[in-house]
Structures are given as C-alpha cells and as structure tokens.
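Below: the structure, in structure tokens.
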Amino acid sequence: MSKTKLVIAGNGMVGHQFLQSLADSGQLDSFDVTVFCEESRLAYDRVHLSAYFSGATAEDLAMGDAETYRSWGLTVLTGETITEIDREYQSVTTDKGRELCYDKLVLATGSYPFVPPVPGHDRPQCLVYRTIDDLDAIAEVAKKSKIGTVVGGGLLGLEAAKALTDLGLETHVVEFAPRLMAVQLDNGGGGMLRQKIEALGVSVHTQKNTQLIDDGEQCFHKMNFADGEVLETDLILFSAGIRPRDELARQSELEVGERGGIVINNYCQTSDPAIYAIGECALWNKQIFGLVAPGNQMAKVAVSHLTGGSDNFTGADMSTKLKLMGVDVASIGDAHGQTPGARNYTFVDEREEIYKKLVVSEDGKILLGAILVGDAEQYGTLLQYMLNGIHLPEYPDTLILPDRGDDKQTGLGVAALPETAQICSCHDVSKGDVRAALDSGCCTLGDVKGATKAATGCGGCSALLTDLVNHELEEMGIEVNRDLCEHFPYTRQDLYNLIRIEEIRSFDELLEKHGRGHGCEICRPAAGSILASCWNDYILTENNVSLQDTNDTFMANMQKDGTYSVVPRVAGGEITADKLIVLGQVAKKYNLYSKITGGQRVDLFGARLEQLPGIWEELIEAGFETGHAYGKSLRTVKSCVGSTWCRFGVDDSVGLAIDLENRYKGLRAPHKIKFAVSGCTRECAEAQSKDIGVIATENGWNLYVCGNGGMKPRHGDLFATDLDRDTLISYIDRILMFYIKTADRLQRTSVWMENMEGGLDYLRQVVINDSLTLGEELEQQMAHVVSTYQCEWKTTLESPEALKRFRPFVNSDASDSNIVFVEERQQIRPATPEEKAEIQAEPIKLVS
Amino acid sequence: MTTENNWTAVCGQNDLISDSGICALVNDTQIALFYLKKEQAVYAIANHDPFSEANVLSRGLIGSKGDDLFVASPVYKQHFCLKTGRCLDDENTRIQAWPARIENGLVEVLI
Ligand code: SRM
Ligand SMILES: Cc1cc2nc3c(=O)[nH]c(=O)nc-3n(C[C@H](O)[C@H](O)[C@H](O)COP(=O)(O)OP(=O)(O)OC[C@H]3O[C@@H](n4cnc5c(N)ncnc54)[C@H](O)[C@@H]3O)c2cc1C
Ligand code: SF4
Ligand code: FES
Chain H
684 MSKTKLVIAG NGMVGHQFLQ SLADSGQLDS FDVTVFCEES RLAYDRVHLS AYFSGATAED
744 LAMGDAETYR SWGLTVLTGE TITEIDREYQ SVTTDKGREL CYDKLVLATG SYPFVPPVPG
804 HDRPQCLVYR TIDDLDAIAE VAKKSKIGTV VGGGLLGLEA AKALTDLGLE THVVEFAPRL
864 MAVQLDNGGG GMLRQKIEAL GVSVHTQKNT QLIDDGEQCF HKMNFADGEV LETDLILFSA
924 GIRPRDELAR QSELEVGERG GIVINNYCQT SDPAIYAIGE CALWNKQIFG LVAPGNQMAK
984 VAVSHLTGGS DNFTGADMST KLKLMGVDVA SIGDAHGQTP GARNYTFVDE REEIYKKLVV
1044 SEDGKILLGA ILVGDAEQYG TLLQYMLNGI HLPEYPDTLI LPDRGDDKQT GLGVAALPET
1104 AQICSCHDVS KGDVRAALDS GCCTLGDVKG ATKAATGCGG CSALLTDLVN HELEEMGIEV
1164 NRDLCEHFPY TRQDLYNLIR IEEIRSFDEL LEKHGRGHGC EICRPAAGSI LASCWNDYIL
1224 TENNVSLQDT NDTFMANMQK DGTYSVVPRV AGGEITADKL IVLGQVAKKY NLYSKITGGQ
1284 RVDLFGARLE QLPGIWEELI EAGFETGHAY GKSLRTVKSC VGSTWCRFGV DDSVGLAIDL
1344 ENRYKGLRAP HKIKFAVSGC TRECAEAQSK DIGVIATENG WNLYVCGNGG MKPRHGDLFA
1404 TDLDRDTLIS YIDRILMFYI KTADRLQRTS VWMENMEGGL DYLRQVVIND SLTLGEELEQ
1464 QMAHVVSTYQ CEWKTTLESP EALKRFRPFV NSDASDSNIV FVEERQQIRP ATPEEKAEIQ
1524 AEPIKLVS
Chain V
332 MTTENNWTAV CGQNDLISDS GICALVNDTQ IALFYLKKEQ AVYAIANHDP FSEANVLSRG
392 LIGSKGDDLF VASPVYKQHF CLKTGRCLDD ENTRIQAWPA RIENGLVEVL I
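Residue numbers (the working numbering), protein chains in the order written: chain H, 684 to 1531; chain V, 332 to 442.
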C-alpha cells in the first residue's frame, strides 16, 4: 500500500502536538510527512515566551528537535512558507517556489498579532510580541530606549509589559477599554488588578484611543490620543489581540468565518475534507480558541480522524489562571454572569488587595463562573465545581471568604470529582489518567508528573494534583508509609524537627525517646546527617561514630576491593604548582592510582586503610584539607576561569567559587550538594546542572537552583537574577537550610523541588519574600555550621583514640593479603579474580 | 596447634568500638568483631563479604531487623546476622560465625 502524502503548514505549538500525537499513534509508517515551518526555528513553547527575558534560552523553550523529527522519518523544512494551495490538483506552492502534492493537508498556521491601523503604526521601533525573533528585536530596541509602551491591556499586553519592566524600561500600558483584561475580568477585578500593577511601577492608561503616532520631542515617538492627551515613548509594543492566519484558506476559497478563522467540523476538517485546520487558525462553532490546550485537543482529534479513530472536538473550557507581574489572576467560565438568572457573590479586601467573585445559577446550586484577583488559591477547586456541575455547599460564599481557621470545610474533596474530571488542562490529564498512572506503578507525585505530564505546563493544577495523588494512594490501601524505617515511626523531616527542638545530641538519646530496636543502615546515617546539620560536632565522637557509613567513618571512599580513595579539597578547582607537586609526590610514595575527577580535583585511589593517616598527614602538612568526597555534604564548587583571564568573562567566577566552597564546606545534608560558578553566559562551568548554579551577568549574579547530572539529569531553574554577593549568599543559606530541614533522606535538591507543592514559586516565596518568616532562623543555623567548620582529617590525626580504627587488625600488624594490584597504563589497578588466582598473593609491604 | 576448638583471646575490651566493628586476625582468618554497648555483648563473624569478595564486613553499619541483629556490608549493603552469619537477603548465603565473649576485660572467640 502506498503511503498517504501528508503536508503540514506550520510547526508551532499545535503543529508540534500534531506530530507528537501522530508518532504516539504508532502509525507514522503509513504516512509520508512533510512539514513547512515558516519560522527559522522548530516549534517552541510560546506560552513561556516571556521567560526568554528572565534567562531562558531558545534551547530551553524548544519543543521540537531536528533529531527527534528525523527519527520519526519526517521531512521538515524550516524558513519556508506555503503561499498557495491548489485544491483541484491537491498541491501546495511555497515561497521558495517548491511545489508538492498532498493527499491530506493540515493547516496549523496559528495567528498573528493584530496591529491597529493607526497612522504611524509602521514606524521603526513599533513592534509585536509573538515569536522569539520579535523578542530579539524588542531587546535590541530596548537597549537604546528609556520608555516603553504596550498598546493593549489584555492578558498578553500585561505579559509584554512585564517583559519591558524586566528590560529596565519605564513602562506604560494603554488600553482602549475602561479596564484591564476586559475579556476575563469585571470592573471590580480589573480595578484591583490595575491598583496592584501600578504599585509595581507600571503606568496604566485606560479608555485611550490612539489616533496618531509621530515624532516625539524627548522620546522617539509621540502617541496622540482621541481625548487630546499625548504620551512620549521610545518603543511601542502592539498587543491588541490576535487574528487567525487564514490567508491560505481565503486564497483557496475554503470557508472562513465572518471575522476570520478557518471553519472546521468536529473532526477538525475544513470545508474541503482533504484539508484539516487545527490550533489558533481554526474556527469551531464560531469560536477561536486562543489557548494552547484546546489547540492540542484539536491536534489529537485530527490525528485520530486521519488514522481511523473516532475522537471528536467538542469545544474547550477557556478558564485561565496566571500570574501577571507577580499578581495571581484567574477567570473561570461565565465570569461576566451572562447566563440568564445568574447571581453573584463578591468579596473585596482593599487592604490585602484581593478581589473575588462567584457567579452561581439562579437556584444557587451550580457554579457558573468566577473571578479571582490577588489570591487564586481556590482556582482548582472552583474550576472543578464549574466543569463538573458539582452541587455547591449550602453557603457558596464560604468558597471565597478567607479561611480563618474555624474548621469551615471550603475545599472540594478530590473524592467528589468524577473519573472524567480534567485535572490538568495543559496536558489534558483526567482524574482517571492519574489513577491509571498510579495503578501502573507510580507511587509519588514526581512519578505521576513524569508519567502523565500533569502539572508540568502552566503549573496551575499542581495543588490539586498533589491532593489527588495523596488521596488516591490512601484509597488504594497503599499506606503512604513515610516512616523512615522500622525503628522510627517518623519521616526524616519529623526527626529533624525533634532533634532541633528537643536539642537531641546523640543517636542513643533519639532512639530512647522516639525509636525502638537497634537502628539500622537507614536510620543511623540519616540521624548522623541530621545531627551534623544541626550541631556540626566532629563526626567520629563516641556518640557519632556508629552512625557513619564506612566512607564517613574512614573519611575516604571505599572501592570495590576494600581499599580507599583520597580526595583533598581543591576549592573552585584552583591549585598551585606546589600543591600539584605534593599530590604527585604522595601518589608516588604510596603508589596510588591518580585520576582527575569530574569535579575538578584529583582522586588518589588504592590506599589501604592503614595508609590513610600517613597520606593525610602529608597532605595536611602541605595545606590540603579533606574534600568530603565521602559525605552527603557539599562536594565541589566547580568554576570556569572567569574574567581574570577569559576575554568574555564579566566577573570573577573563580573567586566566588572559592568563597562559596569555603563557606559551605563540611555542611552535611540529606544528599550531596554540588555547586558551580560560571563567569558569563557561555557557562563553561555547567552551573545549570548543579544543585546551586551561579552565572555572572553585567549586573551581578544569576542564581540557578535544583539542577543535577547523574541518573536523571535536570536543568536548574533560574531562581533570581542580577544579585549582589551578599544577597546571593543569604539566598543560598536559606535555600540550603530549608532543603536540609524539609527534604527526605537521600533526596537530591532536584527531586525535592519536584515534589514540593508550589515548586519554584513556593521556594521563592519562602526564600525571597520570607513567607514563613523562617529566613533569619535559617541564616543563623547556617552561620552556626559555617563557624564550627573543622577539617575532619586534621581533628582525626590529633586523636590517638580515633587513629586506632585505621589498623586493619586489632591484634596484628599484617596487612590484608586479599588486596592485589596489577599494573596498567603505568599505574596500579585492582587485580581481577582470575589475575589474583594467578599471582600467589604475597602480602604487600606496609609503607610507614 | 590442635584441631580442638579453643577460646582465644584476641584483644582487650577497650579495643572494641561501641555499636560498631573492628577486625582481628587469627591464624590467617579475618574475624569481624561487633560490640553492642547497651547489652555489653560481642559478636564474631567472618570479615569476608561473599558478594564483593572483599574483606570489609567489620566496616559495615550494624542494626536490627525484627529480632535479628545484623551488619550491612559497606559495599553492596547485604545484611548478615551477627549471631549466625546468615545472609538476611539471600537464604543460600551464609558466612561463618563464632561464639564470642568478654572475659576479664578480654575479648575471646571460640575458634
Ligand atoms: C571520582 C568521581 C568520578 C571521576 O573519576 O570523575 C566520582 C565517583 C563516584 N561517584 Fe560520582 N563521581 C564524580 C563526579 C560525579 C559527577 C560530576 C560532577 O560532580 O560534576 C556526577 C554528576 C553530577 C551530579 O551529581 O549531579 C556524579 C554522579 C554520581 C551519582 C549520581 C547522583 C544522582 O543524583 O543521580 C552517584 C550515586 C549517588 O550519589 O547516590 C555517584 C557516586 C559516586 C561514588 C561515590 C560511588 C560510590 O559510592 O563508590 C564514586 C566513588 C568516588 C570515589 O571513590 O572517590 N556519583 N559523580 C567524581 C568525583 C568528583 C569529585 O571531585 O568529588
Ligand atoms: C506571549 C504569549 C503568551 C501566551 N501565554 C499563553 C498561556 O499562558 N496559556 C495558553 O494556553 N496560551 C498562551 N498563549 C497562546 C499560545 O501560545 C497559542 O495558543 C499557541 O501557540 C497556538 O499554537 P498554534 O500552533 O496554533 O500557533 P503558533 O504557535 O503561532 O504556530 C503557528 C506557526 O505556523 C507558522 N506558519 C503560519 N503560516 C504558515 C505557512 N503558510 N507556512 C508555514 N508556516 C506557517 C507560523 O510562523 C508559526 O510558527 C500565549 C501566546 C503568547 C504569544
Ligand atoms: S559513573 Fe559510575 S563508575 Fe563512574 S565513577 Fe561514577 S559511580 Fe563510579
Ligand atoms: S493545568 Fe497547566 S500544568 Fe496542569
């Protein structure tokens, strides 16, 4: 059977979803697919476009990648636009003169920003906000501008305004309607939003009709309004709505709507059954859907129809929740109460600047819509009431009145949701999907997110998802047993709090007060780590020694043959020639295998237990300190060479790395912690793959958090930008101590972050806005650890009692004859069992 | 040397480390000795870890699982019963265990 020739116009968000769904359907083989992509880059995440101005790169935003598309066998032509459709011959023509026949054609052409035809709208420095290229142009113009003005106070306009303030411009918003976000909000909500946004330094001008743009006196432009007022500005950003890109449909005489949009049926077919339209260019039931979730649904429906399925598009909910310039705003369903008989409840708190409105049915039983400004916590609950027609409580106002802790049940139990209830609209995940994921073996929030993608889009559903996952686990009878182990009926977090609050200083005391049995290899090191994080006593005191894993006990990493490796600290990777020579001398004297590590230091392998003190004596003599390569503690702070030498460096990354390493060395935590500092955005130190990553900017330091390499790599999230050194350090103090306080045992910062309800925003609240008023306490706790640092090897060498442990045998000076080395590439390595059998093992002489 | 078992003194009580292990060498045999402080009890098992083939069990963490006292191998974390040498994770594996006691400040193993 010959393949169906499938041509796709557009590789935006929905175009990409179409390809993904086609791949997921397993039927790619029966199609010969060609994609035309007008933009120079493949599909990217337009929803998070603004992140481009706060540190995200084009790669971060990318959705489609050439490699994946190639592996799917697609032909993708970037920078090429379809300009004509010949429906009779079933062929398309492109701007490069290419002609191609199709059996089926999919239009996923999106929309374009509407620019009102005001005289002067086409002057230079008049821009729009839709593509990465637009953003590059804005950044370019912003460099020579002081004042920026956004025309349009809708959702996108406010986002654009945020971008302009991020670029450091004095920002104005000019809106034709009497209020901001006129589509989603009423007067009360719009007014509250305006108040909050003005408090952030943006000037809002409503009811302004721009009539002419011409040369300004102080600025590049002057905007002249119908009421005679003027506004001078250097940059104008039009964000006055979007229009479907239906030009191909018009040219080929497909049916289009009165006000634009390519008419489609429930299968996403246009008036020509061989042509589909999906995403923002499509008009279904006289509606355009300017959001990505409905577009994705259309993509799935079109794929289903093309592959013989029977999915239908039945419309989509347009409720939205977003954070505009840090202000929570949400609009649900019939927010304007246009349903006949609709009744409202409103709540206004002018001091806290909160506005909430509920629109309910005439009989008060059903929620029709809602508006939330300043506090959108109930969004998930209200949305579920609305979508599922769940009966409202007796007093619906309890849903928006502040929770004063009087036990009023305001939330909606997740149990009440029907199986079909949509939990995550971005990725169309229903309650049933979440349950299926749990049935198939997921057992944490992180697992469910990974398997279903729920809560990985806008994040609006994460609180609801957390509730649901916990509830379902309990329902399934999987006791969500968070006990550390059989000896302590507590979580690690509980134990941390007990140890802190009751000032418990030893494991015996902890076991006596709160545990049972003898402990084990789980609770002992966990308690050892918490005791160290809190009190920072020497880890080999009589109380502490039985809690340490062998690596901590002998302050070296055990290798497969029972020997150890030695890793001295080389802060920031900077090392003098003299110290390098000492490392070489020691390695030579003790015949150790030497290797440069991935952490920018040197590892010396093959040391026998009894050799460790001697080796360390020499290293400490030469000025080295222990490197904690063995501990769940700060490992290394990698650095690039930075501004001191590098022609691109904008700050001294090595200096900062050394200071950070010296500040946090010895800090014990639930898992190991790695840092890196790069001197500019080229990022040679790979800071974005570290628990804490710092990158120099022209104006200070950008801080990235919760990245790692390892088994499941995760890029760090940009936490804060352009920090001065003191602020940077206080944020890191707080983040690390909060991690130590709340993470699970052996949980790296990445997993901790992924399981944290509220995620990055929540962490910012705690650290930057001090929402738990913990900031000072966390900093003091860190100050204690910093001020009580000791080199554990130095302390050990001073204690004859501690040194006794480094004898392989308590009753003999012999050495373990089972340890045998052979030579390879001029160095030692452990002998294989076969080699051992051959070599009549002869006890190796002790080096004293 | 006779083949008959003897209580052999291997070290002093104060060489032991509370709730942790040390190793003694008796006639080429490496014996891991563990000391439980609360019970004042001492246990002796082979130092050889059959899973990693390294002589390291004396350097593992000790603990309890139900009524069994164990040491967890520092290499791959299998648990060995301190009293019997039984591997708690693999019923086909057992290592040697010897009776041990503290007598007059000395640690003795019946070997
Ligand atoms: C020596 C070194 C490899 C090398 O030759 O380069 C190394 C060696 C070990 N790594 Fe590593 N890691 C080394 C850099 C890394 C890096 C790269 C880096 O730090 O930039 C990574 C990925 C980055 C990261 O951690 O995010 C790395 C990810 C791991 C992981 C996986 C962690 C994860 O979250 O998935 C483990 C396993 C673990 O910690 O549970 C691990 C565990 C280990 C252990 C400790 C395994 C063990 O228990 O025996 C290895 C023994 C070290 C020893 O004997 O000294 N090592 N390891 C590197 C020492 C760096 C240093 O100077 O301290
Ligand atoms: C700043 C911003 C913030 C947003 N925030 C949100 C949000 O929070 N939530 C939400 O749901 N939505 C949001 N949106 C809207 C969302 O991005 C769109 O709904 C979504 O991108 C629509 O996808 P699409 O594929 O239909 O169109 P697009 O993503 O626009 O893709 C269409 C692509 O087709 C190309 N194209 C057009 N014509 C042709 C042709 N003839 N030949 C070849 N290629 C062609 C275009 O160049 C474009 O690359 C936001 C949009 C912007 C700009
Ligand atoms: S990658 Fe694996 S083998 Fe290599 S050092 Fe790390 S833990 Fe060891
Ligand atoms: S609703 Fe956007 S991530 Fe779930």
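Glycine residues also receive a C-beta, built at the ideal position from the N, C-alpha and C atoms.
All of these numbers come straight from a predicted model, not from anything done at the bench.
Nearest chain H C-beta to residue i closer than 7 angstroms, yes or no?
i	result
V/R417	no
V/S404	no
V/G436	no
V/G394	yes
V/A377	no
V/A431	no
V/C412	no
V/N358	no
V/V440	no
V/V387	yes
If we define contact as Cβ-Cβ less than 7 angstroms, is residue i a contact residue for chain V?
i	result
H/G1245	yes
H/D1090	Unreliable placement is indicated for H/D1090, whose pLDDT of 42 sits below 50; the coordinate value is still reported in the next sentence. For H/D1090, the answer is no, since every Cβ of chain V falls outside 7 angstroms of its Cβ.
H/E1475	no
H/T1093	Bear in mind that the predicted position of H/T1093 carries a pLDDT of just 46, short of 50, making it unreliable; the figure below should be weighed with that in mind. Output row for H/T1093: interface = no.
H/R724	no
H/L1429	no
H/F1492	yes
H/R1175	no
H/A1209	no
H/N1501	yes
H/S1495	yes
H/T1319	no
H/T1233	yes
H/K1528	Confidence at H/K1528 is low in this model, with a pLDDT of 44, below 50, so its placement is unreliable and the value that follows should be read with caution. No, H/K1528 does not count as interfacial toward chain V.
Below 7 angstroms between beta carbons: does that hold for residue i and residue j?
i	j	result
H/W1435	H/Y1414	no
V/N378	V/L388	yes
H/D994	H/V984	yes
H/L1066	H/I1106	no
H/S922	H/A846	no
H/E767	H/T776	yes
H/G1255	H/S1322	yes
H/S935	H/R724	no
V/A375	V/L364	yes
H/A1290	H/V1249	yes
H/G1129	H/E1517	no
H/D1150	H/V1117	no
Pull up the CB-CB distance for residue i and residue j, whole angstroms please, since I reckon it's below 8 angstroms.
i	j	result
H/T1309	V/R390	Not confirmed; about 18 angstroms, so no contact.
H/I1222	H/Y1179	Not really, about 17 angstroms apart at Cβ, beyond 8 angstroms.
V/V438	V/C342	5 angstroms
V/V357	V/D380	Not quite, the Cβ-Cβ distance comes to about 18 angstroms (not below 8 angstroms), so this is no contact.
Ligand 6 and residue i: does the residue's C-beta get closer than 6 angstroms to at least one heavy atom of that ligand?
i	result
H/G762	As for ligand 6, it is missing from this structure, which binds only ligand 1, ligand 2, ligand 3 and ligand 4.
Using a Cβ-Cβ cutoff of 7 angstroms, what residues of the segment 1188-1203 of chain H are near chain V? List them in chain order. Listed in sequence order: G1200, H1201, G1202 and C1203.
Check: Do three or more CB pairs link the segment 1052-1072 of chain H to the segment 863-875 of chain H at distances below 8 angstroms?
Finding: Contact between the segment 1052-1072 of chain H and the segment 863-875 of chain H is present, because at least three Cβ pairs lie under 8 angstroms.
- Would you list, in chain order, the members of the segment 1505-1521 of chain H that have their beta-carbon closer than 8 angstroms to a beta-carbon of chain V? Of all residues in the segment 1505-1521 of chain H, only P1516 come within less than 8 angstroms of chain V when Cβ atoms are compared, listed by chain position.
- Task: Check each residue of the segment 1220-1231 of chain H: if its Cβ is closer than 7 angstroms to any Cβ of chain V, include it; give the result in chain order.
- Result: Hits within the stretch, in order: E1225, V1228 and S1229.
Query raised in the report: Which residues, taken in chain order from the segment 336-350 of chain V, show a beta carbon closer than 7 angstroms to some beta carbon of chain H?
Result: V341, C342, D346, I348, S349 and D350: these are the residues of the segment 336-350 of chain V whose beta carbon lies less than 7 angstroms from some beta carbon of chain H, given in chain order.
Pairs of beta-carbons, one from the segment 346-354 of chain V and one from the segment 1484-1499 of chain H, closer than 8 angstroms: are there three or more? In short, these stretches touch, since the Cβ pair count reaches three.
(message) Contact between the segment 815-832 of chain H and the segment 797-805 of chain H is defined here as three or more beta-carbon pairs at a separation below 8 angstroms; is this criterion met?
(response) Touching, no, given that fewer than three Cβ pairs across the two stretches are closer than 8 angstroms.
*asked:* For the pair the segment 1495-1508 of chain H and the segment 1445-1462 of chain H, tell me if three or more CB-CB distances fall below 8 angstroms.
replied: These segments do not touch.
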